[in-house]
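**Student:** My questions all concern the structure below.
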Amino acid sequence: MTLRAVVKGVGHYLPERIVPNAEFEKTLDTTDEWIKSRSGIERRHFAAEGETTSMLATKAAQAALTNAGMTADDVDAIVLATSTADLTFPSAATMVQANLGMTKGFAFDIQAVCAGFVFALSNANALILSGQAKRVLVIGAETFSRIMDWTDRGTCVLFGDGAGALILEAEEGAGDSGDRGILSTDLNSDGTHRDLLYVDGGVSTGTSGYLRMQGNQVFRHAVGKLAATATTAMERANVTTDDIDWIVPHQANIRIIQGTAKKMGVLMENVIVTVQDHGNTSAASIPLAMSVGAQSGKIKKGDLLVTEAIGGGLAWGAVVLRW
Numbered sequence: 009m010t011l012r013a014v015v016k017g018v019g020h021y022l023p024e025r026i027v028p029n030a031e032f033e034k035t036l037d038t039t040d041e042w043i044k045s046r047s048g049i050e051r052r053h054f055a056a057e058g059e060t061t062s063m064l065a066t067k068a069a070q071a072a073l074t075n076a077g078m079t080a081d082d083v084d085a086i087v088l089a090t091s092t093a094d095l096t097f098p099s100a101a102t103m104v105q106a107n108l109g110m111t112k113g114f115a116f117d118i119q120a121v122c123a124g125f126v127f128a129l130s131n132a133n134a135l136i137l138s139g140q141a142k143r144v145l146v147i148g149a150e151t152f153s154r155i156m157d158w159t160d161r162g163t164c165v166l167f168g169d170g171a172g173a174l175i176l177e178a179e180e181g182a183g184d185s186g187d188r189g190i191l192s193t194d195l196n197s198d199g200t201h202r203d204l205l206y207v208d209g210g211v212s213t214g215t216s217g218y219l220r221m222q223g224n225q226v227f228r229h230a231v232g233k234l235a236a237t238a239t240t241a242m243e244r245a246n247v248t249t250d251d252i253d254w255i256v257p258h259q260a261n262i263r264i265i266q267g268t269a270k271k272m273g274v275l276m277e278n279v280i281v282t283v284q285d286h287g288n289t290s291a292a293s294i295p296l297a298m299s300v301g302a303q304s305g306k307i308k309k310g311d312l313l314v315t316e317a318i319g320g321g322l323a324w325g326a327v328v329l330r331w
């Protein structure tokens, strides 16, 4: 028998304010059509004043707990992926822990930008396989609207706020690709490309800074690296694209999503796409897409999923899991 980290619940939360592309036409040299044609994005959600990343994460966590039929007391650990934590410290994860009334276990943040949720899943899986936790709440949450340069039409129209969460639980499997749960992971990074996507602020500058991106260069790296990491993860899980029910990619740009699917030989009808409604929510995008896919009835128990992401660092990776 083999121990697996199995999904037991999923949930998400989006701020109330919906911002259509047309709203940017008032202040920028851009149009709804320009944004849609280059990114696939039609609208996104922005957090309200005073609505923090930990607040979004808490609501997504509560939704996942409800979906799983669990309470915070049933959870041993929280792993929260974010690049926009409320404060430099303490971690947003410990704030969620307090908000949920969870007084046992442990909580910590993971920072791998848009690849954060893949890194968080991998770490949560390791916690379960090592016996350090039986149930782990894995969250991706972001308020990227707080680090936008509203004069930069190449970046500020792309990002949104939101949160998604999964609950993983230790469960025995047969040790083959038919098991439910996480079957394999693959993580990568290359710090030599840090100037392609970064925030120009932090402790060293004394400012929170703004997101800066060389979009064409990021795109050039994205498709090849995403397809390669997904292929590696599938090989480790001993599955092929013919076995895959759904690709759940990081929702950054429809052209990256389409290009990666084509390179992998996967039809777009087998890809969960939410970028049109959420924009790029960084570490929140994959759990948001999973939650929407499950709620809509697309993702069902027993389905085989591949999820992949790339973000600043550069950092990228993939996870193969059976729902």
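Plus 8 on top of the position in the sequence shown (first one is 1) and you've got our numbering. Every residue, glycine too, gets a C-beta built ideally from N, C-alpha and C. Predicted, not measured: the structure shown is a model, and the values here were computed from it.
1) Hey, out of Arg46, Leu174 and Lys306, whose CA is closest to Arg161's CA?
2) In chain order, what residues of the same chain lie with their CB nearer than 6 Å to the CB of Ser99, ignoring the 5 residues before and after it?
3) Using the C-alpha atoms, what's the distance from Asn107 back to Ala326?
4) Kindly identify the DSSP beta-bridge partner or partners of Gln21.
5) Work out the CA separation of Trp158 and Asn133 for me, nearest whole Å.
6) Write down the C-beta distance between Arg154 and Val83 rounded to the nearest angstrom, noting that I regard them as a contact closer than 8 Å.
7) So which of Arg52, Asn246 and Ala55 has the shortest CA-CA distance to Ser192?
8) Could you compute how far the alpha carbon of Leu73 sits from the alpha carbon of Asp37?
9) Cα separation between Gly113 and Thr102?
10) Using a threshold of 7 Å, state whether the C-beta atoms of Ser62 and Glu150 are closer than that.
11) According to DSSP, is Arg202 part of a helix, a strand, or is it coil?
12) State the CB to CB distance for the pair Trp254 and Ala123, rounded to an integer number of angstroms; the pair is presumed to be in contact (CB under 8 Å).
13) Quick check on Asn246: does DSSP put it in helix, strand or coil?
14) Quick one: which unbroken beta strand (DSSP E) runs of 3-plus residues sit fully inside the stretch 75-161? Chain order, please.
15) Can you check which of these residues, Gly305, Ala93 and Ala30, is closest to Ile147 by C-alpha distance?
16) To the nearest whole angstrom, what separates the beta carbons of Arg12 and Glu179, a pair I think is in contact under 8 Å?
17) Cβ of Ser282 within 7 Å of Cβ of Gln259?
18) Please determine, among Val14, Leu234 and Ser185, the residue with the shortest C-alpha to C-alpha distance to Arg244.
19) With a CB to CB cut of under 8 Å and the five nearest residues on each side skipped, what residues in its chain are close to Ile294?
20) Taking its Cβ as the centre, do 16 or more other Cβ atoms sit within 10 Å of Val211, making it buried, or is it exposed?
21) Name the one or two DSSP bridge partners that Pro28 has.
22) If the criterion is Cβ atoms closer than 7 Å, does the pair Val104 and Thr163 meet it?
23) Name the two residues that bound the continuous beta strand (DSSP E) containing Asp251.
24) Would you call the stretch 203-219 and the stretch 260-278 in contact, with 3 or more CB pairs under 8 Å?
**Tutor:** The short version:
1) What you label residue 161 is simply residue 153 of the sequence shown in a count that begins at 1. Minimum Cα distance to Arg161 is reached at Arg46.
2) As a working note, residue 99 is residue 91 in the sequence shown. So the list reads Phe116 and Asp117, once near-sequence residues are dropped.
3) If you number the sequence shown from 1, residue 326 lands on position 318. If you number the sequence shown from 1, residue 107 lands on position 99. Approximately 30 Å between the Cα atoms of the pair.
4) Residue 21 sits at position 13 when you count from the first residue of the sequence shown. Sequence check: residue 21 is Tyr here, not Gln. DSSP output for Tyr21 lists Ala171 as bridge partner(s).
5) Counting from one through the sequence shown, the residue named residue 133 turns up at place 125. Counting from one through the sequence shown, the residue named residue 158 turns up at place 150. Going by the C-alpha atoms only, they are around 38 Å apart.
6) The residue labelled residue 154 in the question sits at position 146 within the sequence shown. The residue labelled residue 83 in the question sits at position 75 within the sequence shown. So it is not a contact: roughly 28 Å between Cβ atoms.
7) Translated into positions along the sequence shown, residue 192 becomes position 184. With distances taken between Cα atoms, Ser192 lies closest to Asn246.
8) Walking along the sequence shown from the start, residue 73 turns up at place 65. Walking along the sequence shown from the start, residue 37 turns up at place 29. Rounded to the nearest angstrom, the two C-alpha atoms are 43 Å apart.
9) Numbered from its first residue, the sequence shown carries residue 113 at position 105. Numbered from its first residue, the sequence shown carries residue 102 at position 94. Between Gly113 and Thr102, the C-alpha separation is close to 10 Å.
10) By one-based count along the sequence shown, residue 62 stands at place 54. By one-based count along the sequence shown, residue 150 stands at place 142. Contact flag unset, no.
11) Looking up residue 202 in the sequence shown gives position 194. Reduced to three states, the DSSP call for Arg202 is helix.
12) For the purposes of this step, residue 254 is taken as residue 246 along the sequence shown, with counting starting at 1. For the purposes of this step, residue 123 is taken as residue 115 along the sequence shown, with counting starting at 1. Wrong, their Cβ atoms sit about 19 Å apart, outside the cutoff.
13) Residue numbering aside, residue 246 sits at position 238 when the sequence shown is read from its first letter. It is coil, neither helix nor strand.
14) 85-89, 114-118 and 143-151
15) For this step, residue 147 is matched to residue 139 along the sequence shown. Of the listed residues, the one whose Cα sits closest to Ile147 is Ala93.
16) Along the sequence shown, one-based indexing puts residue 12 at 4. Along the sequence shown, one-based indexing puts residue 179 at 171. The Cβ separation is near 5 Å, so the contact holds.
17) As a first step, residue 282 must be located in the sequence shown, where it is residue number 274. As a first step, residue 259 must be located in the sequence shown, where it is residue number 251. Per the sequence shown, residue 282 should be read as Thr rather than Ser. Their beta carbons are under 7 Å apart, which means Thr282 touches Gln259 by this criterion.
18) The sequence position of residue 244 within the sequence shown is 236, counting from 1. Closest by alpha carbon: Ser185.
19) Within the sequence shown, the letter at position 286 stands for residue 294. Closer than 8 Å at Cβ, skipping near neighbours: Phe125, Val126, Gly148, Gly172, Val256, Pro257, His258, Gln259, Thr315 and Ala317.
20) Translated into the one-based positions of the sequence shown, residue 211 becomes position 203. Exposed.
21) Here residue 28 corresponds to residue number 20 of the sequence shown, with the count starting at 1. Bridge partners of Pro28: Arg51.
22) To locate residue 104, count along the sequence shown from 1; it is residue 96. To locate residue 163, count along the sequence shown from 1; it is residue 155. It is not a contact, given that the beta carbons lie outside the stated cut-off.
23) Counting from one through the sequence shown, the residue named residue 251 turns up at place 243. It is not in any beta strand (DSSP E) - Asp251 carries neither H nor E in the DSSP assignment.
24) no
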